[in-house]
Amino acid sequence: MSTTLSYDRLSEEEKHAHFMERIEQGDKIEADDWMPDEYRMTLIKLISMHGISEIMGALPEKEWVPKAPSLRRKLGIMAKVQDEMGHGQLLLRVAEDLMKPLGKTREEIMQDLFRGDLKFHNVFHMPAPTWGDAGLIGWLVDGAAIITQTNMLKASYGPYARALKRICAEEVFHAQHGEAIIMALAEGTEEQRALIQDAIDRWWESLLMFFGPASSSTTGASKQDTTIKYRIRTKTNEELRQAFLDKYIPRVLSLGLTIPDETLHYDKEKGKWAYRQPDWNKFKEIVRNNGPKSKDRLDLRITAYENNAWVREALSPDGAVV
Amino acid sequence: MGRGGETMKSAQEAKADQNYQAALTELLYQLADDDFIIAFRGSEWLGLAPHIEEDVAFSSINQDTMGHAAIYYQLLEDLGQGDADALAHGREASQRKNAVLLEEVNGPGHYLKKPLYDWAFAVVRHYFYAQAKKIRIESLKNSSYQPLADAAVKINMELYYHLLHWKTWFTQLATAKGEAPERMKNAIEKVSADMGGVLALGPKEEEMAALGLIESEEVLTQRWNREMEKVFAPLPMSLPAVEMKRGDGRSGVHTSDLDSALTTLSEVYKQDPVASW
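Chains as they are written, first to last, in our numbering: chain A, -19 to 302; chain B, 972 to 1248.
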């Protein structure tokens, strides 16, 4: 009680200094704690984008849920996509708590998505035309997600860190699910093997883009400095991309597959992978909802939202008959 | 009980009795194909449910239901009917034994393009089906075919939640303000017109009951009606008589909705049915 009272008497600068001290000591910030506006806004943007990406991320795989080629694969992909939806729900709850003092709700998140103000992850704007893509998404997209998300497991914001703990545990299963699909194809017929190579060729650039530009000079905007300052994440985009390349290049090559970048090599002196930069202008266009599947996937969500308006009306507090 | 009142403990025992095997496989095809096709229809809803919480719950139910289908197809495989995946993905529409109601499309549009799916229809179809399945599963717990009775115990645990889920949606929407009750009334009429096909046990119904595989269609239908009457009593709407307007799926009568469903769900499988996926 007394600490709360004295806290109220602090100036904004003192509060800020105290806050920075807390997070630097590894303290967790909770939803009702004082936090700088910049911290709150950064978290809202990061977490609502993460949450909505999980939800939009179900859509590329949606195509393959009914089409999975065996009962076991059908069950596997159903479970996987259900998890993704569950992650979306969990994260939106975290974002909703942060938005509460601003008087905003999930409704605003959805409207921001529909208007194009809230972006979703670049990979989920891309087409997934074959069963090979369904495997590759689980294997490499979820593999990449594990790398970015474990980077935030110690995030200074407690509710996000806790949500990520559960999400990362489930993502490991997803990557295994994807890997199992890929392994079955890799050990299969010529046609099945061709499905994977085709998917890698299609997804490689998007996978590099997944981690974001190395610095804000590339695309004119990057939140990585702010998120590192506030101990939300520890590693830079480039460090994460290198970790991904470290982990997956040997695995891709060991399956006898090729990576569509003849310049790709490990630079021993620098201790880093050298690779051809993806087209960052294309990246900017993609996340502005001008990717190959952006409109279709947004259309799906908007159609569902409008089509179910009567259900929301019926569920609203004044919708029930007294 | 099987012939003479005994329990059939294994596929081997069941296979030794031709009549028993014929009635048993008939019943298993109905159970498997029903769950398989409605789980498929449910999976088309992914990402389109009224809210995110429902998307999570509905996909969990679909996953359970697909799992139940897999259990039944496995029982068929054990009885020498062929590979479970081939039974699920490779059979023609005319060989399928599911009720016509369960193959019907979710509404206008395609699951990837302008899906104007009808949530009222989804709720009523799933609720009516879950209730019928619950009654059937309770009866199957005493089936003379022991592997099926064991499966029923397992399925029953998940079914409890499915029924609770759909019943909640059903009563909530039926008693809400706004256009919900009218939409529900229309959906109830639409579902009732073909619900008879779900309750039917097909041409081998009498043998199934006589061999103790499941109780008679008449007894099960009465139970279903009693449950429905209880739920409808406080509602501002009534349950029309159930019919089988578009034919008896148990006899292999189906609509073009099943053909298009099979094309989609077996698209990858059919690229190479002998390959390992």
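Glycine included, C-beta positions come from ideal geometry on N, C-alpha and C.
Owing to the predicted nature of the structure, the values given are computational and were not obtained by experimental measurement.
Any chain A beta carbon closer than 9 Å to residue i
i, result
"V1239 of chain B", "yes"
"L1162 of chain B", "Looking at the sequence provided, one finds Val at residue 1162 of chain B rather than Leu. No, V1162 of chain B does not count as interfacial toward chain A."
"Y1082 of chain B", "yes"
"E1075 of chain B", "no"
"A1017 of chain B", "What sits at residue 1017 of chain B in the sequence shown is Leu, not Ala. Yes, because at least one Cβ of chain A sits closer than 9 Å to the Cβ of L1017 of chain B."
"L1130 of chain B", "no"
"S1247 of chain B", "yes"
"F1011 of chain B", "yes"
"P1021 of chain B", "yes"
"H1060 of chain B", "yes"
"N1033 of chain B", "yes"
"M1037 of chain B", "yes"
Below-9 Å beta-carbon distance, residue i vs any chain B residue
i, result
"K227 of chain A", "no"
"E171 of chain A", "yes"
"D279 of chain A", "yes"
"T85 of chain A", "no"
"M303 of chain A", "Because chain A here runs from -19 to 302, residue 303 of chain A falls outside it and cannot be looked at."
"D113 of chain A", "no"
"E43 of chain A", "yes"
"M29 of chain A", "no"
"R142 of chain A", "no"
Residue i to residue j span [Cα, whole Å]
i, j, result
"F1011 of chain B", "M1037 of chain B", "8 Å"
"G1218 of chain B", "N1157 of chain B", "20 Å"
"V1095 of chain B", "A1101 of chain B", "10 Å"
"L187 of chain A", "V121 of chain A", "7 Å"
"E1214 of chain B", "P1118 of chain B", "32 Å"
"M0 of chain A", "Y1240 of chain B", "56 Å"
"W1137 of chain B", "D1006 of chain B", "16 Å"
"G31 of chain A", "V74 of chain A", "9 Å"
"E(-6) of chain A", "E18 of chain A", "16 Å"
"V302 of chain A", "P1152 of chain B", "Caution applies to V302 of chain A, whose pLDDT of 43 falls short of 50 and renders its modelled position unreliable; the model cannot decide the point."
"P1205 of chain B", "R95 of chain A", "43 Å"
"W144 of chain A", "M65 of chain A", "Checking the displayed sequence, the identity of residue 144 of chain A turns out to be Leu instead of Trp. When rounded, the distance between both Cα atoms is 14 Å."
"E293 of chain A", "N1113 of chain B", "44 Å"
"S1209 of chain B", "T1142 of chain B", "13 Å"
"S129 of chain A", "C148 of chain A", "For the record, residue 129 of chain A in the displayed sequence is Gln; it is not Ser. Q129 of chain A and C148 of chain A: Cα-Cα distance of roughly 7 Å."
"T1139 of chain B", "N1196 of chain B", "18 Å"
"E1063 of chain B", "T1234 of chain B", "10 Å"
"E977 of chain B", "Q1034 of chain B", "35 Å"
"Q1066 of chain B", "Q1242 of chain B", "21 Å"
"R268 of chain A", "I162 of chain A", "31 Å"
As assigned by DSSP and simplified to three states, the class of residue i
i, result
"W1016 of chain B", "coil"
"H30 of chain A", "helix"
"D247 of chain A", "strand"
"I180 of chain A", "helix"
"H101 of chain A", "coil"
"W119 of chain A", "helix"
"A1041 of chain B", "helix"
"A1147 of chain B", "strand"
Sufficient close CB pairs (3 or more, under 8 Å) joining the region 1064 to 1081 of chain B to the region 1043 to 1050 of chain B: no
Please confirm if the region 120 to 135 of chain A is in contact with the region 280 to 296 of chain A, defined as three or more CB-CB distances below 8 Å between the two stretches. no
Across the region 167 to 178 of chain A and the region 107 to 120 of chain A, are there enough close Cβ pairs to call them in contact, namely three or more that are closer than 8 Å? yes
For the region 1161 to 1180 of chain B and the region 1216 to 1232 of chain B, state whether three or more C-beta atom pairs, one from each stretch, are separated by less than 8 Å. yes
Count Cβ pairs between the region 241 to 254 of chain A and the region 148 to 166 of chain A that sit closer than 8 Å; are there 3 or more? no
Validate contact between the region 991 to 999 of chain B and the region 1056 to 1066 of chain B using beta carbons, cut 8 Å, 3 pairs: no
Below 8 Å, how does it come out for the region 980 to 987 of chain B and the region 1114 to 1134 of chain B: are there three or more Cβ pairs, yes or no? yes
Complete runs of the alpha helix (DSSP H) confined to the region 28 to 100 of chain A [at least 4 residues]: 51 to 79, 86 to 95
At a cut of 8 Å, does the region 3 to 11 of chain A reach the region 34 to 50 of chain A through at least three beta carbon pairs? no
Whole alpha helix (DSSP H) elements within the region 1150 to 1208 of chain B, 4-residue minimum: 1151 to 1170, 1176 to 1181, 1188 to 1203
Please determine if the region 235 to 253 of chain A and the region 78 to 85 of chain A are in contact, where contact requires at least 3 C-beta pairs separated by less than 8 Å. no
What runs of the beta strand (DSSP E), each 3 residues or longer, lie entirely inside the region 232 to 290 of chain A? 245 to 247, 252 to 254
Which runs of the alpha helix (DSSP H) at least 4 residues long sit entirely within the region 1078 to 1114 of chain B? Give them in chain order. 1090 to 1111
Does the contact criterion of 3 or more C-beta pairs under 8 Å hold for the region 1124 to 1131 of chain B versus the region 1169 to 1176 of chain B? no
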